[in-house]
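K.L.:
When we follow this note's numbering, the leftmost residue of the sequence shown carries the number 93, and every step to the right adds one.
Quick reminder that beta carbons are idealized off the backbone N, C-alpha and C, glycines included.
Keep in mind it's a predicted model, so treat the numbers as computed, not measured.
Handing you a structure now.
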Amino acid sequence: MIFEELLKGESKNLEYKSELPVKSEKYMKSVVAFANTSGGKLIIGIDDETRKVVGVDKDSVFQNMDRIANAISDSCEPQIIPDITFQNIDGKCVVIVEIYPGRNRPYYLKNAGKNRGVYVRVAGTSRLADETKIRELELEGSHMSWDEQICVGYPVTQHAVNKLCHDIHEHMVKAMSEEAEKIPEVTKEQLIGWKLLRQSEGELMATNGFVLLTSDYFPFAKIQCALFKGNDRDEFIDKKEYTGPLYEQIEGAYQFVLRHISRSAEIDGLIRKERYELPIGAIREMIINAQCHRNFMDNSCIQIALYDDRLEVTSPGMLYGGLTLEEAMNGRSKIRNRVVAEVFSRMELIEEWGTGIRRILKRAEEYGLREPEFLEIGDTEEVKLRHQELQKLGKKADKKPIKKADKKPIKKADKKPIKKADKKPITQERQEKILSYVKEHGAVTNKEAREMLGLAESTTKRLLKQMVQEELLKEQGEKKTRIYKLG
Numbered sequence: 093m094i095f096e097e098l099l100k101g102e103s104k105n106l107e108y109k110s111e112l113p114v115k116s117e118k119y120m121k122s123v124v125a126f127a128n129t130s131g132g133k134l135i136i137g138i139d140d141e142t143r144k145v146v147g148v149d150k151d152s153v154f155q156n157m158d159r160i161a162n163a164i165s166d167s168c169e170p171q172i173i174p175d176i177t178f179q180n181i182d183g184k185c186v187v188i189v190e191i192y193p194g195r196n197r198p199y200y201l202k203n204a205g206k207n208r209g210v211y212v213r214v215a216g217t218s219r220l221a222d223e224t225k226i227r228e229l230e231l232e233g234s235h236m237s238w239d240e241q242i243c244v245g246y247p248v249t250q251h252a253v254n255k256l257c258h259d260i261h262e263h264m265v266k267a268m269s270e271e272a273e274k275i276p277e278v279t280k281e282q283l284i285g286w287k288l289l290r291q292s293e294g295e296l297m298a299t300n301g302f303v304l305l306t307s308d309y310f311p312f313a314k315i316q317c318a319l320f321k322g323n324d325r326d327e328f329i330d331k332k333e334y335t336g337p338l339y340e341q342i343e344g345a346y347q348f349v350l351r352h353i354s355r356s357a358e359i360d361g362l363i364r365k366e367r368y369e370l371p372i373g374a375i376r377e378m379i380i381n382a383q384c385h386r387n388f389m390d391n392s393c394i395q396i397a398l399y400d401d402r403l404e405v406t407s408p409g410m411l412y413g414g415l416t417l418e419e420a421m422n423g424r425s426k427i428r429n430r431v432v433a434e435v436f437s438r439m440e441l442i443e444e445w446g447t448g449i450r451r452i453l454k455r456a457e458e459y460g461l462r463e464p465e466f467l468e469i470g471d472t473e474e475v476k477l478r479h480q481e482l483q484k485l486g487k488k489a490d491k492k493p494i495k496k497a498d499k500k501p502i503k504k505a506d507k508k509p510i511k512k513a514d515k516k517p518i519t520q521e522r523q524e525k526i527l528s529y530v531k532e533h534g535a536v537t538n539k540e541a542r543e544m545l546g547l548a549e550s551t552t553k554r555l556l557k558q559m560v561q562e563e564l565l566k567e568q569g570e571k572k573t574r575i576y577k578l579g
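This is the structure we're talking about:
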């Protein structure tokens with residue numbers, strides 16, 4: 093660990109002690125909290141207020157290291173194995189106790205028991221976990237997700253089964269329009285295979301995932317949207333709440349944002365192109381990510397807030413399974429809601445695990461926007477996407493007082509998947525990027541195209557095939573050696 097990292101200040105993953113406490117209880121809560129969250133380091137020999145390196149007695153370094161190891165072994169359950177080292181800084185010795193994210197959660201203090209001895213890290217403090225958090229940690233420790241659990245007493249109706257099968261199939265067809273006739277209908281047996289339903293003694297039972305995707309049964313499984321005047325929450329102009337199946341909530345929230353951001357038109361030759369002030373791909377990805385990765389055991393909902401200068405999406409739940417923000421930014425992913433993620437993948441709402449954040453960053457960069465901010469605030473995650481200077485995009489005509497029509501329940505039109513007409517500008521933009529690349533380099537491969545566009549292999553394949561059919565490109569070679577040149 094380099095010197096600069098040691099002195100960057102206490103955080104979710106770093107805590108200082110000027111000396112090793114006589115009573116191990118004073119630092120054991122942090123050890124347990126690190127193991128239950130995303131890991132961390134306890135540094136002995138740095139003052140927590142001044143960040144000054146005070147060091148520990150060099151003659152007792154190894155004795156202190158043994159004391160720490162024994163205290164952790166005696167105090168924590170299940171077993172936590174620390175990595176204890178020391179480092180010399182400016183002639184002074186500090187002891188570094190590194191705790192890795194645990195797999196056998198929840199970890200707790202033996203003398204307090206599981207009910208009163210489980211701690212988690214929130215910002216720079218170790219906090220006692222409540223009953224809900226303990227249940228979540230227990231699920232993590234058993235390697236199960238909440239949406240796989242049976243929703244006891246919830247009735248499974250044929251109508252709900254048929255609608256979900258139909259809706260999943262419709263999304264699959266829209267995502268693969270040119271091969272729609274090859275896509276078979278979704279069946280009840282597939283829902284069972286995807287753990288949406290379970291069968292026991294001839295009876296169908298719903299999992300929490302099935303309930304989330306077919307109803308508004310869980311009161312906090314919803315998205316709240318609001319348009320605010322200015323750059324704070326003092327006064328709102330419009331607001332709406334979306335309940336029901338998760339994928340319908342996503343579409344409703346997405347359309348809410350599009351209604352309230354400015355849109356300009358550009359003429360390219362004979363073609364009129366519409367451009368929103370924020371990249372619609374990033375907007376959609378932010379909403380889908382929030383819905384897919386939120387903690388449904390938390391009694392709060394996703395909030396989407398539009399201000400004059402930014403879009404904010406806040407979702408309940410800390411990063412899952414010991415994942416750090418840095419790891420998530422680099423493309424690593426851990427799936428909290430496996431059933432929901434499986435269905436979203438089948439519907440092609442999500443493409444590849446771990447690519448969502450990178451796509452948001454890429455879309456913002458393509459738009460010339462400031463890099464989006466990804467934050468952990470308490471037990472929530474927040475993404476901020478800031479606008480360009482409003483003067484460059486014209487007056488925000490959408491910010492009008494709420495009309496009566498806005499207060500009505502969501503219309504069916506709000507719940508439908510995006511029409512092809514909405515997708516056309518995105519497809520055209522992707523085609524232009526590929527054509528520009530081919531003009532410069534002579535040819536393009538599937539791998540080069542998908543890396544350039546940040547898409548899945550299957551999506552890129554369909555796009556290239558479409559461009560060949562439209563005679564924009566011509567293909568040469570077979571399978572892995574295939575390249576695409578100008579048509």
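Can you tell me whether Arg195 is buried or exposed, with buried defined as 16 or more other CB within 10 angstroms of its CB?
P.N.:
Counting from 1 along the sequence shown, the entry for residue 195 is found at position 103. The residue in question, Arg195, is exposed, as its Cβ has fewer than 16 Cβ neighbours within 10 Å.
K.L.:
Does DSSP put Glu562 in a helix, in a strand, or in coil?
P.N.:
The residue given as residue 562 occupies position 470 in the sequence shown. It is coil, neither helix nor strand.
K.L.:
By the three-class DSSP mapping on this structure, what secondary structure does Ala535 have?
P.N.:
Walking along the sequence shown from the start, residue 535 turns up at place 443. It is coil, neither helix nor strand.
K.L.:
Could you tell me whether the Cβ atoms of Met439 and Val405 are closer together than 8 Å?
P.N.:
Position 347 of the sequence shown, counted from the first residue, corresponds to residue 439. Position 313 of the sequence shown, counted from the first residue, corresponds to residue 405. Not closer than 8 Å, so no.
K.L.:
Whole angstroms is fine: what's the gap from Ala357's alpha carbon to Gly322's?
P.N.:
For the purposes of this step, residue 357 is taken as residue 265 along the sequence shown, with counting starting at 1. For the purposes of this step, residue 322 is taken as residue 230 along the sequence shown, with counting starting at 1. For Ala357 and Gly322, the distance between alpha carbons rounds to 25 Å.
K.L.:
Please state whether DSSP places Asp151 in a helix, a strand or coil.
P.N.:
As a first step, residue 151 must be located in the sequence shown, where it is residue number 59. DSSP places Asp151 in helix when its eight states are reduced to three.
K.L.:
Just verifying my parser: in three-state terms, what is the DSSP assignment at Thr552?
P.N.:
Along the sequence shown, read from residue 1 onward, the residue named residue 552 stands at position 460. In this structure, Thr552 counts as helix in the three-state DSSP scheme.
K.L.:
By Cβ distance, which residues of its chain are closer than 6 Å to Gln383, with the 5 residues on each side in sequence left out?
P.N.:
For the purposes of this step, residue 383 is identified with residue 291 of the sequence shown, where counting begins at 1. So the list reads Leu338, Ile342, once near-sequence residues are dropped.
K.L.:
Applying the criterion that 16 or more other CB atoms from any shown protein chain within 10 Å of the CB defines a buried residue, is Gly301 buried or exposed?
P.N.:
Residue numbering aside, residue 301 sits at position 209 when the sequence shown is read from its first letter. Looking at its Cβ environment, which holds 16 or more other Cβ atoms inside 10 Å, Gly301 is buried.
K.L.:
According to the neighbour-count rule (16 or more other Cβ atoms, all chains shown, within 10 Å of its Cβ), is Lys516 buried or exposed?
P.N.:
Position 424 of the sequence shown, counting from 1, holds the residue named residue 516. Residue confidence is low: Lys516 scores 44 on pLDDT, short of 50, so the model does not pin down where it sits. Its coordinate-derived value is still stated next. Lys516 is exposed by the Cβ-count criterion.
K.L.:
In whole angstroms, what separates the C-alpha of Asp259 from that of Gln282?
P.N.:
Start at 1 with the first residue of the sequence shown, and residue 259 comes out as number 167. Start at 1 with the first residue of the sequence shown, and residue 282 comes out as number 190. Approximately 14 Å between the Cα atoms of the pair.
K.L.:
For Leu305 and Lys255, what's the separation of their Cα atoms in angstroms?
P.N.:
For the purposes of this step, residue 305 is identified with residue 213 of the sequence shown, where counting begins at 1. For the purposes of this step, residue 255 is identified with residue 163 of the sequence shown, where counting begins at 1. Near 10 Å, if we compare the C-alpha coordinates of Lys255 and Leu305.
K.L.:
Here's the rule: buried if 16 or more other CB atoms are within 10 angstroms of the residue's CB, otherwise exposed. What is Arg386?
P.N.:
What you label residue 386 is simply residue 294 of the sequence shown in a count that begins at 1. Under this definition Arg386 is a buried residue.
K.L.:
Compute the Euclidean distance between the alpha carbons of Tyr576 and Tyr529, then round it to the nearest angstrom.
P.N.:
Locating residue 576 in the sequence shown gives position 484, where the first residue counts as 1. Locating residue 529 in the sequence shown gives position 437, where the first residue counts as 1. Distance between the alpha carbons of Tyr576 and Tyr529 is about 11 Å.
K.L.:
Quick one: any contact between the stretch 195-211 and the stretch 142-158, if contact means 3 or more CB pairs under 8 Å?
P.N.:
Too few Cβ pairs lie closer than 8 Å, so no.
K.L.:
State the Cα-Cα distance for the pair Lys100 and Glu532, rounded to the nearest angstrom.
P.N.:
Position 8 of the sequence shown holds residue 100. Position 440 of the sequence shown holds residue 532. Cα to Cα, Lys100 sits roughly 45 Å from Glu532.
K.L.:
Which class does Lys515 belong to by DSSP, given the choice of helix, strand or coil?
P.N.:
As a first step, residue 515 is located in the sequence shown; it is residue number 423 there, counting from the start. Its pLDDT being 39, under 50, Lys515 is placed unreliably in this model, and the value from its coordinates should be taken loosely. Here Lys515 sits in helix by DSSP.
K.L.:
If I follow the unbroken alpha helix (DSSP H) through Asp182, where does it start and stop?
P.N.:
To locate residue 182, count along the sequence shown from 1; it is residue 90. Run containing Asp182: none; DSSP gives neither H nor E here.
K.L.:
Do you know how far the Cα of Gly205 is from the Cα of Lys225?
P.N.:
Position 133 of the sequence shown, counted from the first residue, corresponds to residue 225. Position 113 of the sequence shown, counted from the first residue, corresponds to residue 205. Each residue's alpha carbon lies about 15 Å from the other.
K.L.:
Spatial neighbours of Tyr412 within its chain, please: CB distance less than 6 Å, with the 5 preceding and 5 following residues excluded, ordered by chain position.
P.N.:
As a first step, residue 412 is located in the sequence shown; it is residue number 320 there, counting from the start. The residues are Lys426, Arg428.
K.L.:
Using CA atoms only, rank isn't needed, just tell me which of Ser103, Tyr211, Leu106, Ala215 is closest to Gly470.
P.N.:
By 1-based counting over the sequence shown, the position of residue 470 is 378. Cα-wise, what sits closest to Gly470 is Ala215.
K.L.:
Can you tell me whether Lys109 is helix, strand or coil according to DSSP?
P.N.:
Sequence index remark: in the sequence shown, residue 109 carries index 17 (1-based). Looking at Lys109 - three-state DSSP - the assignment turns out to be strand.
K.L.:
Since Gln568 sits in a beta bridge, which residues does DSSP pair it with?
P.N.:
Indexing the sequence shown from 1 puts residue 568 at position 476. DSSP, once it has assigned bridges, lists Ile575 as partnering Gln568.
K.L.:
What's the gap between the Cα of Glu327 and the Cα of Lys476?
P.N.:
As a first step, residue 327 is located in the sequence shown; it is residue number 235 there, counting from the start. As a first step, residue 476 is located in the sequence shown; it is residue number 384 there, counting from the start. Their backbone Cα atoms lie some 19 Å apart in a straight line.
K.L.:
Can you check the stretch 296-349 for any beta strand (DSSP E) of at least 3 residues that lies completely inside it and give the ranges in chain order?
P.N.:
List check, beta strand (DSSP E) in window: 315-320, 328-334.
K.L.:
Based on the DSSP output, what are the partners of Glu469 in its beta bridges?
P.N.:
Start at 1 with the first residue of the sequence shown, and residue 469 comes out as number 377. It is Ile, not Glu, that sits at residue 469 in the sequence shown. The partner list for Ile469 (beta bridge, DSSP) reads Thr472.
K.L.:
By DSSP, does Thr406 sit in helix, in strand, or in coil?
P.N.:
Residue 406 sits at position 314 when you count from the first residue of the sequence shown. Residue state, collapsed to three classes: strand.
K.L.:
Using a Cβ-Cβ cut-off of 7 Å (strictly less than) and excluding sequence neighbours within five positions of Cys185, which residues of its own chain qualify?
P.N.:
Taking the first residue of the sequence shown as 1, we reach residue 185 at position 93. Hits under 7 Å: Gly137, Gly147, Val148, Lys150, Val153, Phe178.
K.L.:
Between Ile191 and Ala127, which are expected to be in contact by the criterion C-beta below 8 Å, what is the C-beta distance as a whole number of angstroms?
P.N.:
Sequence index remark: in the sequence shown, residue 191 carries index 99 (1-based). Sequence index remark: in the sequence shown, residue 127 carries index 35 (1-based). That pair is a contact at about 5 Å.
K.L.:
Express the C-alpha separation of Pro174 and Met264 in angstroms, rounding to a whole number.
P.N.:
On the sequence shown, residue 264 is found 172 positions in, with the first residue counted as 1. On the sequence shown, residue 174 is found 82 positions in, with the first residue counted as 1. If I take the Cα positions, the gap works out to 47 Å.
K.L.:
Count the C-beta pairs between the stretch 164-174 and the stretch 442-459 that are closer than 8 Å, then say yes if the count reaches three, no if not.
P.N.:
Touching, no.
K.L.:
From the DSSP output, in three-state form, read off Lys100 for me.
P.N.:
Here residue 100 refers to the residue found at position 8 of the sequence shown. The answer is coil: DSSP assigns Lys100 none of H, G, I, E or B.
K.L.:
Suppose the cutoff is 7 Å on Cβ atoms and the five residues either side in sequence are ignored; what does the same chain contact list for Arg213 look like?
P.N.:
For this step, residue 213 is matched to residue 121 along the sequence shown. Taken in chain order, the residues that qualify are Lys104, Ala125, Phe126, Thr129, Gly132.
K.L.:
Reducing DSSP to helix, strand and coil, say where Arg72 ends up.
P.N.:
Lying outside 93 to 579, the shown extent of the chain, residue 72 is not represented and no answer is given.
K.L.:
Buried or exposed for Lys332, please, with buried defined as at least 16 other CB atoms from any protein chain shown within 10 angstroms of its CB.
P.N.:
On the sequence shown, residue 332 is found 240 positions in, with the first residue counted as 1. Buried, because 16 or more other Cβ atoms sit within 10 Å of the Cβ of Lys332.
K.L.:
For Val244, name the three-state secondary structure that DSSP assigns.
P.N.:
The count along the sequence shown starts at 1 and reaches residue 244 at position 152. Three-state result, Val244: coil.
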